[in-house]
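Colleague:
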Amino acid sequence: MGSQYDFKTEGARAAGTFIANVAELKTLQRNPEHKSLKHRLVELYSENITTKVLRAAVDHLIENNPPTQYPETVPQLGPGKGCYESREVDFWTSGFFPGCIYLLLERCIKHPLALGIQNAEVSLPVLRQKLRELGHIWSEPIRGQALRTDTHDLGFVIMPHMRPRWELFHDERALETIITAAGSLYERYDPQVQAIRSWDTFDWHEGVEITSMTENFLVIIDSMCNMDLLFYAAAHSGNKTLADAGVKHARTLLKSHLRVEAVTRGGYAGCLYSTAHLVNFSPATGLIKEVRTAQGYSKNSTWSRGQAWAILGYAQTYHWTGHVEFLDAACGLAEYFLLRLETAPDCVEVELLSAGGRRVGRYVPLWDFDAPIQDFQNPLRDTSAGVIAANGMLVLSNALAGRGEQKLSSRYLESSLRIVQDVLEFALAQEKAHLLICGHGELAYEDSIAGERFESILKHSTVCNNAASFSKNKPSDHGRLDVSCFYDPTRTKPGFKRGTIDKLHRRIEIMEHTLQRNGGSSSPRFAADSLTQDPVTTNTELGVSGTAALSALAMQIENLSSSISVLSQSIVPGPGSPASELDASSSNHKRRGKRQRSDSEETQQPRRENPSSKLAEELDVSSHFLTGTR
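Per my numbering, residue 3 is the first one in the sequence shown, and the count goes up by one each step.
(1) Please report the residue range of the beta strand (DSSP E) in which Val-293 lies.
(2) May I ask which residues mark the beginning and end of the alpha helix (DSSP H) holding Pro-127?
(3) Between Arg-413, Gly-308, Gly-84, which has its C-alpha nearest Val-397's C-alpha?
(4) So, Phe-472 versus Trp-206, is the Cβ gap smaller than 8 Å?
(5) Report the CB separation of Ser-141 from His-163 in whole angstroms; it is logged as a contact under 8 Å.
(6) Assess contact between the region 368-377 and the region 343-351, defined as three or more Cβ pairs (one per stretch) separated by less than 8 Å. Is contact present?
(7) Out of Ser-463, Ala-435, Lys-250, point me to the one whose CA is closest to Leu-56's CA.
(8) Just reading off the beta strand (DSSP E) that Ile-222 is part of, what are its end residues?
(9) When you measure from the CB of His-41 to every non-hydrogen atom of the ligand COA, does any distance come out below 7 Å?
(10) Examine the Cβ distances between the region 187-202 and the region 216-233 and report whether three or more of them are shorter than 8 Å.
(11) According to DSSP, what are the bridge partners of Val-352?
(12) Between the C-alpha atoms of Gln-78 and Gly-84, what's the straight-line distance to the nearest angstrom?
(13) If you check the beta carbons only, do His-238 and Ile-160 fall under 8 Å apart?
(14) Could you check where the alpha helix (DSSP H) with Leu-274 kicks off and where it finishes?
(15) Can you tell me whether Thr-19 is helix, strand or coil according to DSSP?
(16) Which same chain residues, not among the five before or five after Arg-42, have their C-beta less than 6 Å away from its C-beta?
(17) Considering only C-alpha positions, which residue in the set Leu-410, Ile-290, Leu-382, Leu-107 is nearest to Asn-468?
(18) Express the C-alpha separation of Ala-252 and Gln-196 in angstroms, rounding to a whole number.
(19) At the level of alpha carbons, what is the spacing between Gln-318 and Leu-256?
(20) Quick one: using the 10 Å Cβ neighbour count with 16 as the cut-off for buried, is Glu-65 buried or exposed?
(21) Give me whichever residues DSSP pairs with Trp-94 in a beta bridge.
(22) Is the number of C-beta pairs between the region 212-221 and the region 276-291 that are closer than 8 Å three or more?
(23) What is the DSSP secondary structure of Pro-73, counted as helix, strand or coil?
(24) Please name the residue in Ser-125, Ala-58, Arg-89 whose C-alpha comes closest to that of Gly-443.
(25) Between the beta-carbon of Leu-129 and the beta-carbon of Cys-110, is there less than 8 Å?
(26) Can you list, in chain order, the residues of its chain whose CB lies under 6 Å from that of Ser-399, leaving out five sequence neighbours each side?
(27) Scan the region 361-423 and note each continuous alpha helix (DSSP H) run of 4 residues or more that stays entirely inside, going in chain order.
(28) Cα separation between Ala-401 and Val-425?
(29) For Asp-377, count the other beta carbons within 10 Å of its own beta carbon; 16 or more makes it buried, fewer makes it exposed. Which is it?
(30) Is the distance from the Cβ of Leu-274 to the Cβ of Thr-266 below 8 Å?
(31) Per DSSP, what kind of secondary structure is Cys-440 in: helix, strand or coil?
(32) If you draw a straight line from the alpha carbon of Leu-177 to that of Leu-149, how long is it in whole angstroms?
(33) When the Cα atoms are used, what is the spatial distance from Ala-296 to Met-395?
(34) Exposed or buried, what is Gln-147 when buried is set at 16 or more other beta-carbons lying within 10 Å of its beta-carbon?
(35) Do the CB positions of Glu-49 and Gln-120 come within less than 8 Å of each other?
(36) Give the single residue among Gln-432, Asn-67, Arg-342 whose Cα lies nearest to the Cα of Ser-417.
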């Protein structure tokens, strides 16, 4: 296939994914080894999660409203123990915190019974309104970042909160922001290198001064996860140029960043790949000048979070494009990640009383798979890497089920669940919190054990432990925000898409209910009453038999096909456009290369017509059918 993004092919492929996922998860449920999917992830549905995000959202507005500082890491030791340290709004992680708020809001709206709220006095409408209010407060100041052309991280910065604003509330300004951000990211694409520049400079390692953009073109493996912004904006604007750039970038990194490993893992016949973190190209020739690492142990080692970004990024890219080369890459990356977990030294396993005396930690990745272990009693981990990789494996499972590769699909679904279950048992902060009602039904928050507070959900993340990095910029073994944002079981990406674990549970329940009502038949008729009366069923969550669901999906694809011809708008901003509004709200976007997407940065310190909401929902058929949540 060429690099052109084929909307119709994508729609047809994603339609098959829906049916395959229902069949696959139904098979998994019958397997006693899998138990209840929801039971294995019970802590992710707990009141503790909701309370921690809500309380942080309220507390960190004190003397910070409207926000200019955004929560990022939580120290596990020292004077600031248990409390978020913040970064400025133009730092690459700023979008994750409002993203977490919108994840909870989405759960409130679409899965109100999955909130795990124990206090019967808590009003769902009050909780929902509070989350919506806080989400907007934390999201709105970030809009101006969409105009920046000095960073590749606009996917991370914009998508976690602007996408749900558009999808949940049809917020046109949010969609405009996404499309504007995609145009800004595209400005960093270079046709000679056939990639998008990640960093403008790299000068935060001892003895390293890479500052000339005319002589250097820096690309990191993390960049693969920002391609989702380009594909999403292409789908909603009809601008294929954005998607083509994403495809070319992904193909370039297949050759420059992926390393074939001469190892195998039982049950998988393809190649296994490790990853390089940072590659410097020549802008003049497009050839590789050198390979480095910025956050891993060495240029030849495998930084576990970089490997995780690659799994997720290539799984997302396959989801949008259907190009098998990206699926093969994602599978090979996942297999190598799992192999390194399984063959890690025995010291990664510990016995925890909270886990019933079982040994846990095998599937909580080391910060770098090749770094020497300095403390065998407490080896340095990165829970972020585990959760991000698990999310990528969920995307992979969906993709493979859509191709009819059920065995491999089950393999990655089970691997994803195993990683997240182990991460929760090993790293879930035991300093929990719960909701209270005070005054006139207002929400309040309380530590479950007085005086014991840890604002992040998980512990044991590592930003950077590279020995050459400036010492003040090496936070390690801490809580981290992006862990929360990258694995919500009611939302499975690509990008920040939703709906795998408990949503597919619900689909199975609806399908079983309908089959029972129809006497167990697979009649090709629609169960019209289930479409209109079931409170969680919409035109994308069909309470019908498999055959009827196929018929409905075929109808949606037909709607998609009739819509494509009108999608030809440009995203070039003009006078009076939303981009002009963004310009007034941002004072940072014109600085070239001053705020790198390195974790080393000093702490704290074209008018176009938008598609209608209906048209956009029909167009974004990939996740529409994949998750049934659009």
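The beta carbon of each residue, even a glycine, is placed where N, CA and C say it ideally should be.
Modeller: So, from the listed chains and residues:
(1) Segment 290-294, the beta strand (DSSP E) holding Val-293.
(2) Judged by DSSP secondary structure, Pro-127 falls within the alpha helix (DSSP H) whose first and last residues are 126-141.
(3) Cα-wise, what sits closest to Val-397 is Arg-413.
(4) Yes, these two residues count as a Cβ contact at 8 Å.
(5) Rounded, the Cβ-Cβ distance is 4 Å, consistent with contact.
(6) At 8 Å Cβ cutoff, the stretches touch.
(7) The candidate whose alpha carbon is nearest that of Leu-56 is Ala-435.
(8) 219-222 is the span of the beta strand (DSSP E), which, as asked, contains Ile-222.
(9) Looking for the ligand COA in the displayed structure turns up nothing, as the structure carries no ligands at all.
(10) Output reads yes: the region 216-233 touches the region 187-202.
(11) In DSSP, Val-352 forms a bridge with Val-362.
(12) About 6 Å.
(13) Between His-238 and Ile-160, the gap from beta carbon to beta carbon reaches 8 Å or more.
(14) Note, Leu-274: premise wrong, no alpha helix (DSSP H); beta strand (DSSP E) at 274-277.
(15) With a pLDDT of 41 at Thr-19, under the threshold of 50, the predicted position of this residue should be treated as unreliable, though the coordinate-derived value follows. If DSSP states are grouped into helix, strand and coil, Thr-19 belongs with the helices.
(16) Once the five neighbours on either side are set aside, the close Cβ partners of Arg-42 are Leu-419, Gln-423.
(17) For the set Leu-410, Ile-290, Leu-382, Leu-107, the Cα lying nearest the Cα of Asn-468 is the one of Leu-382.
(18) Distance between the alpha carbons of Gln-196 and Ala-252 is about 9 Å.
(19) Straight-line Cα distance between these residues: approximately 14 Å.
(20) With fewer than 16 other CB atoms across the displayed protein chains lying within 10 angstroms of its CB, Glu-65 is exposed.
(21) DSSP lists no partner for Trp-94.
(22) Taking 8 Å as the limit for Cβ pairs, the verdict is that the region 276-291 does touch the region 212-221.
(23) Correct three-state label for Pro-73: strand.
(24) Relative to Gly-443, the option among Ser-125, Ala-58, Arg-89 whose CA is nearest is Ser-125.
(25) At a Cβ-Cβ threshold of 8 Å, Leu-129 and Cys-110 count as neighbours.
(26) In its chain, beyond the 5 residues on either side, Ser-411, Tyr-414, Leu-415 have a beta carbon closer than 6 Å to the beta carbon of Ser-399.
(27) Taken in chain order, the complete alpha helix (DSSP H) segments of 4 or more residues contained in the region 361-423 are 385-404.
(28) Each residue's Cα considered, the two are about 24 Å apart.
(29) With fewer than 16 Cβ atoms within 10 Å of its Cβ, Asp-377 is classed as exposed.
(30) Yes, the pair counts as a contact, with Cβ atoms nearer than the cut-off.
(31) Correct three-state label for Cys-440: strand.
(32) A direct Cα-to-Cα measurement between Leu-177 and Leu-149 gives close to 14 Å.
(33) Taking the straight line from one Cα to the other gives about 25 Å.
(34) By the neighbour-count rule (16 or more Cβ atoms within 10 Å), Gln-147 is buried.
(35) In contact: Glu-49 and Gln-120 (Cβ atoms closer than 8 Å).
(36) That would be Arg-342, whose Cα lies nearest to the Cα of Ser-417.
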